[in-house]
Every structure is written in structure tokens, then in C-alpha cells.
Amino acid sequence: MMSRLLLLFTLLTTLPGGALARGAADVLAGMHGQWQGRGVVREKPSAPKEAVVCSFQGRWERIRNTLHVRYLCFGADSRFETSGTLRVRGRKVFSDLLMHDRGHVSGSGRVASGKVLLSFAGKDDKGRRLRAQLTLSRSGGNRLRSVLRATDPDSGKMFTAFTLSLKRK
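Going by the working numbering, the sequence shown opens with residue 198, and the numbers climb by one from there.
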């Protein structure tokens, strides 16, 4: 369940390559529209990888520097839906999300050195503390790449919990 929670963060904060140099607001504005992609998620370091297919919809609100988001992801036996906002303040990005099966979550980050770096903290479904770091970068053309590193709640070690590639429809 931890990786599913982190998957939701990842999808809502994935952004298009090429816009990073223009500032955080332009990065999020570039997410406006429909996106589709595939990825791999892993619950913990020893768990098998699970393939997921995702769709993402973003609506940019320029006056408030806010991206309204909604997405759906499907795995072999899984379905995830999340909606909410990503808001820019200066060079920082803040998320306020409703995961329809888990509740409210928040995170924050910044745009630096051509990448978006986000940090999240929370608790897993067993009440154990978890942390995650998400790096978002261009992978070419209209493709986006996200890599999520998370803390294994059992061992405390960081591992790659999720990778995702999206393409604009």
C-alpha cells in the first residue's frame, strides 16, 4: 500500500520536460491537457514490480498559479483515483490532494538545476512513518520521466519505489 500512496504523489507532480528553465509556474502550466503513460511500482525492496497504466488530466489556472489535477491508474488488481491542486509560490511547489480511497495528503518541493525535487512525509496504512523523494526530469520530446525513492518502513532504507513515463495525448 505504501507504493500506491507514493504513486499518487508521483502522478500528480509529474511535469513536462523543457519547461524547467522558464520557472515553476511555467512548469505546471505545461502540464495542462491530457497525458497517458506506463510505469512500474514496488511496495518494498523485496517485493515484485507491478506494471501500471495511468491517465492524467491537468487544468491550469493562471491567475492563481494553480494546476487542478485528476488522474486514474490501473494495475493488475488495482485502481487509483486522485484529484487536487498543485500551487506555485515563487520557486516552490505545494500539493494539496484528495486520494479518493485514502484521504488528504500534502507535499512540497522546488525547481532547481533543471529538475523538480519534491519531498513527502506521512504514514502508511499501518501507521508507520514514511518519507519519499521525487525527481522529475525531461526524457525527450513530449515524454516525461519520474523517479520516486521511498523509505522502506520495515528497514528504514531508501529504495526505488516507482518509475513512470508519460506522453501527451
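Note that beta-carbon positions come from the ideal geometry of N, C-alpha and C, so glycine has one too.
These figures come from a predicted structure and were not determined experimentally.
Given that a residue counts as buried once 16 or more other Cβ atoms are within 10 Å of its Cβ, and exposed if not, what is residue i?
| i | result |
| --- | --- |
| Thr380 | Examination of residue 380 is not possible in this model, given that the chain is present from 198 through 366 alone. |
| Ala218 | Low confidence applies here, because Ala218 scores a pLDDT of 31, under 50, leaving its location unreliable and the question unanswered by this model. |
| Val250 | exposed |
| Ser316 | exposed |
| Glu278 | exposed |
| Ser292 | buried |
| Arg288 | exposed |
| Ala248 | exposed |
Beta strand (DSSP E) containing residue i: first to last residue?
| i | result |
| --- | --- |
| Ala244 | Premise fails: Ala244 is in no beta strand (DSSP E) and is neither H nor E. |
| Lys364 | 355 to 365 |
Using the Cα positions of residue i and residue j, report the straight-line distance between them to the nearest angstrom.
| i | j | result |
| --- | --- | --- |
| Glu258 | Leu264 | 6 Å |
| Leu225 | Asp274 | 31 Å |
| Arg267 | Arg342 | 18 Å |
| Gln231 | Lys246 | 26 Å |
| Ala222 | Lys323 | 36 Å |
| Gln254 | Lys320 | 27 Å |
| Ala309 | Leu345 | 17 Å |
| Phe359 | Val237 | 6 Å |
| Arg256 | Met228 | 8 Å |
| Ala329 | Gln233 | 23 Å |
Can you check DSSP and say which residues form a bridge with residue i?
| i | result |
| --- | --- |
| Gly230 | Gly255 |
| Gly306 | Val290, Leu315 |
Once DSSP output is grouped into helix, strand and coil, what is the label at residue i?
| i | result |
| --- | --- |
| Asp293 | strand |
| Ala221 | helix |
| Gly287 | coil |
| Glu278 | strand |
| Ser352 | coil |
| Arg239 | coil |
| Lys320 | strand |
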